[in-house]
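Please read the structure below before turning to the comments.
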DNA sequence: CTACCGAGAGAACGATCGTTCTCCAGAGCG
DNA sequence: CGCTCTGGAGAACGATCGTTCTCTCGGTAG
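Chains as they are written, first to last, in the numbering used here: chain S, 1 to 190; chain L, 191 to 380.
Okay, here's the thing in structure tokens:
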């Protein structure tokens, strides 16, 4: 077990715990026990809890984005690639452990107190918006449509998180279809 | 100054502090100082911090809903009443103190640890969805459209909160117009 | 005036948390 | 075998938080 593997296990364990129970509710000792490392090694690999939190957010962004891109790349038609975003959301919402967007949760919990956390959430959302804009552009849509679809995806996440039902994904997807059709029609007419 | 007025001042002060700095970052002593009451009176009016948090969420729901209804009632045409929801969001986002939906923030912070907070957020969101559904129904739209518009409103809130820009309200409003037009057209064809 | 009651100020308490320190077992090496 | 050094276990520390307790003062009824 190399040092990097231990680092990864710590971050992966912290991700699970923080996501399931919120960050402030998980102490360093809980993490130490779950990751099966000593407190000394924890603090030799990370200078503080905040640095672990930021590493968790980086990992979460990378994995979430990778899953999204995999779902999108399963579709070949540009319009289908846009809609695949919402299929990915549905799969995610149906996960047992789904508890909303980890970045929104972290932002609500620590955004007002930790600039690093607030910035991580902002970057994650901005990169998602830019990715959606690329997909929409490939399908012949404009930036306004891209922004609207990103808002739909965002709303589906919090709706599914709080109401506990995953039906928001399908509703958002159908709304997206309507918006796409209307946008393409308006482009054709201009 | 009656006892009820003191209670109200405590809840109002707690609302401001919790919303601006998050709940866990505001201690009982901060609240005592800001509300200018003694700790003894605080605990004679509320049995615990959690009860204050729940009272804050009740107050926040009432005031937010009242503002929404006032904005909606400023419009007479059913379709305009639906769109007024998004105008209300824009006004809200442009507020200096805007930091996202307090219920989403509280849910991310304490939803996993406090069933009362989680439930308050669920109730708030459900009541909003039902209100939107009523407005949409009055405008001749169906429940699917209502759910889609509620998701748009939700997404606009978190987008505005995290990105810090209020443009999400206008984008959501224009998306809503498109969805409404498409829904009414599909109703007419069936 | 005096005895008493309520309320304010803030010290105190117990718990918890992030972080550091102490102590020691065991591996590597001469 | 003996020395050194790394790393583990967990106690300790200081800070903070929610909550309670103590002490005191001021007003008021008799």
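Every residue gets a Cβ at the ideal spot worked out from N, C-alpha and C, and that includes glycine.
Asked: According to the Cβ coordinates, are residue 225/L and residue 249/L closer than 9 Å?; Found: no
Asked: Please name the residues in the segment 350-361 of chain L whose beta-carbon is closer than 9 Å to at least one beta-carbon of chain S, in chain order.; Found: 351, 352, 353, 354, 357, 358 and 361
Asked: Which chain S residues sit within Cβ distance under 8 Å of residue 316/L?; Found: 163
Asked: Output the distance between the C-alpha atoms of residue 43/S and residue 135/S, rounded to the nearest integer angstrom.; Found: 42 Å
Asked: The segment 2-31 of chain S: which residues have C-beta closer than 8 Å to a C-beta of chain L, in chain order?; Found: 20, 21, 22, 24 and 25
Asked: Leaving out five residues before and five after residue 292/L in sequence, what residues of the same chain have Cβ atoms less than 7 Å from its Cβ?; Found: 209 and 250
Asked: Would you be able to state if there are at least three C-beta pairs under 8 Å between the segment 40-55 of chain S and the segment 91-101 of chain S?; Found: no
Asked: Any idea what DSSP makes of residue 167/S, helix, strand or coil?; Found: helix
Asked: Run through DSSP, which three-state label would residue 219/L get?; Found: helix
Asked: In chain order, which beta strand (DSSP E) runs of at least 3 residues are fully inside the segment 268-308 of chain L?; Found: none
Asked: So the candidates are 329/L, 364/L and 243/L; which of them puts its Cα closest to the Cα of residue 214/L?; Found: 243/L
Asked: Distance cutoff 9 Å, beta carbons only. Does residue 154/S sit that close to anything in chain L?; Found: yes
Asked: Anything in chain S within Cβ reach of residue 369/L, meaning under 8 Å, just list it in chain order.; Found: 175, 178 and 179
Asked: Leaving aside the five residues before and after residue 268/L along the sequence, list all residues of the same chain whose C-beta is less than 8 Å from its C-beta, in chain order.; Found: 325, 328, 329 and 330
Asked: By the 10 Å Cβ neighbour count, where 16 or more other Cβ atoms means buried, how is residue 110/S classified, buried or exposed?; Found: buried
Asked: Mind checking the segment 131-147 of chain S against chain L and listing, in chain order, the residues whose C-beta falls within less than 9 Å of any C-beta there?; Found: 144, 145 and 147
Asked: When the Cα atoms are used, what is the spatial distance from residue 173/S to residue 87/S?; Found: 8 Å
Asked: What's the C-alpha gap between residue 358/L and residue 275/L?; Found: 13 Å
Asked: Any chance you could list the alpha helix (DSSP H) runs of at least 4 consecutive residues sitting entirely within the segment 125-160 of chain S, in chain order?; Found: none
Asked: Between the beta-carbon of residue 132/S and the beta-carbon of residue 82/S, is there less than 9 Å?; Found: yes
Asked: Which residues in chain S have a C-beta closer than 7 Å to the C-beta of residue 299/L? List them in chain order.; Found: 22, 108 and 109
Asked: Cβ of residue 347/L within 9 Å of Cβ of residue 158/S?; Found: yes
Asked: Assign residue 201/L to one of three DSSP states: helix, strand, or coil.; Found: helix
Asked: Do you know how far the Cα of residue 350/L is from the Cα of residue 31/S?; Found: 33 Å
Asked: Classify residue 114/S as buried or exposed, calling it buried when 16 or more other Cβ atoms lie within 10 Å of its own Cβ.; Found: buried
Asked: Exposed or buried, what is residue 298/L when buried is set at 16 or more other beta-carbons lying within 10 Å of its beta-carbon?; Found: buried
Asked: Within 9 Å (strictly less), CB to CB, does residue 306/L reach chain S?; Found: no
Asked: Around the C-beta of residue 154/S, are 16 or more other C-beta atoms found within 10 angstroms, so that it is buried, or is it exposed?; Found: buried
Asked: Excluding the 5 residues flanking residue 50/S on each side, which residues of the same chain have their C-beta closer than 7 Å to its C-beta?; Found: 114 and 116
Asked: Could you check where the alpha helix (DSSP H) with residue 230/L kicks off and where it finishes?; Found: 229-235
Asked: Using only CA atoms, which one of 149/S, 98/S and 62/S lies nearest to residue 123/S?; Found: 62/S
Asked: Do we get a CB-CB distance below 9 Å when we pair residue 72/S with the residues of chain L?; Found: no
Asked: Looking at the unbroken alpha helix (DSSP H) that takes in residue 52/S, where does it start and where does it end?; Found: 49-73
Asked: Under a three-way DSSP split, which group does residue 376/L fall into?; Found: helix
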